[in-house]
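Undergrad:
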Amino acid sequence: MRLATSARIAAAMQVRNLFSRSSVVGDVEAVVSLTTHGHRAHNVHRTIESIARSPDKPRRLIVWLDPDSPKDLTPGLRRLRVRGLEIRHSSEFYGPHTKYFPYVSMIPSHDIPLVTADDDILYPKHWLRDLANRAASDRDTIFCYRAHRIVLDGDRLAPYNEWSSVRDTNASITNFATGVMGALYPPKFLDALRNSGDAFKSSALFADDVWLNSIASKNGIPVAQVNPLSAGFPTEVGTQQVALHHHNVADLANDEYLANTYDARTIGLLVEANLTERPS
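Just so we're aligned, residue 1 is where the sequence shown starts under the UniProt record's numbering, counting upward by one.
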């Protein structure tokens, strides 16, 4: 059933890409950014169409390509560029961090949120609207469709595979946003992220979620899930077997990345938050 749903939506987005002339940008106070590479670049236009079909469109919609990506764009991306999609090449290889780092670095002072998307998800029409609505009432929180609760083992982080799914909409620095289904980052966080530079290249090059959440925790910026239960949107058929998620979780690589990025001070903040938020 899931495969059939994904295939049906992908086919509809393909048709939309061929015939639609409507703009992909609009009035929602947000910038949507994603990156793509390799074989996924041939299908990313369908993900972008799934975002652009909504009546709630972002002020800017950007797709980032690696510096060594072919200069000849796919027909799908060329059609989207005419309708307002920005297509940019990063200055160097940043891995999954390309979806946010070049943009964050080029803005001296951020004043609107950044929403990141993955290049193989087919997003529902309400995707951006629901993120923006939550952010409108709380401009200092990161909002996402899927999050984990960070589990502590004394004054250390428990292994990533022992963390639990978030089942509420409360904001906390002990929540860990996973960006695959989409996440909205407020201006305050974007400035902190820009000021943190590119240390992720040596500590968490293939784990953007780990780096982003570590910066949030260090700066006391909470994370909240949009809905009480995590979302699972349709995925392009045949893409997930090579996803970073599978490598990082199955090979326990996330634990290494977490050790590289969460220092004693940051873990101390998590311990304190756990004590404060614990029901009396």
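Quick reminder that beta carbons are idealized off the backbone N, C-alpha and C, glycines included. Owing to the predicted nature of the structure, the values given are computational and were not obtained by experimental measurement.
1) Which runs of the alpha helix (DSSP H) fall wholly inside the region 87-131 and span at least 4 residues, in chain order?
2) Using the C-alpha atoms, what's the distance from Ile215 back to Phe176?
3) Counting C-beta neighbours from all protein chains within 10 Å, is the total for Asp251 16 or more, i.e. buried, or is it exposed?
4) By alpha-carbon positions, which one of Asn219, Ala158, Gly197 and Thr178 ends up nearest to Lys188?
5) Kindly indicate the opening and closing residues of the beta strand (DSSP E) around Ser202.
6) Whole angstroms is fine: what's the gap from Glu277's alpha carbon to Asn170's?
7) What separation, rounded to the nearest whole angstrom, lies between the Cα atoms of Ala199 and Pro228?
8) Three Cβ pairs or more, each shorter than 8 Å: is that satisfied between the region 194-212 and the region 87-100?
9) How should His97 be labelled, buried or exposed, when 16 other C-beta atoms within 10 angstroms of its C-beta is the threshold for buried?
10) Buried or exposed: where does Met106 fall if 16 or more other Cβ atoms within 10 Å of its Cβ makes it buried?
11) Does the separation of the CB atoms of Ser33 and Arg83 fall below 8 Å?
12) So if DSSP puts Ala135 in a beta bridge, which residue, or which two residues, is it bridged to?
13) Nearest-angstrom Cα distance between Phe101 and Arg194?
14) Just list the residues that DSSP pairs Val166 with in beta bridges.
15) Which of helix, strand or coil does DSSP assign to Asp191?
TA: In brief:
1) Listed in chain order, the complete alpha helix (DSSP H) runs (minimum 4 residues) inside the region 87-131 are 101-106.
2) The alpha-carbon atoms of Phe176 and Ile215 are separated by roughly 11 Å.
3) A caution first: Asp251 carries a pLDDT of 48, below 50, which makes its placement in the model too unreliable to give a value.
4) Looking at the Cα atoms, Asn219 is the closest of the given residues.
5) No beta strand (DSSP E) contains Ser202, which is instead part of the alpha helix (DSSP H) from Phe200 to Ser203.
6) Between the alpha carbons of Glu277 and Asn170 lies a distance of about 10 Å.
7) Here the alpha carbons of Pro228 and Ala199 stand approximately 33 Å from one another.
8) Counting Cβ pairs under 8 Å, three or more are found: they touch.
9) Its Cβ being crowded by 16 or more others within 10 Å, His97 is buried.
10) By the neighbour-count rule (16 or more Cβ atoms within 10 Å), Met106 is not buried but exposed.
11) Taking C-beta atoms as the reference points, Ser33 and Arg83 fail to come closer than 8 Å.
12) In DSSP, Ala135 forms no bridge with anything.
13) Across the structure, Phe101 and Arg194 are spaced so that their CA atoms are roughly 8 Å apart.
14) Per DSSP, Val166 has no beta bridge partner at all.
15) Looking at Asp191 - three-state DSSP - the assignment turns out to be helix.
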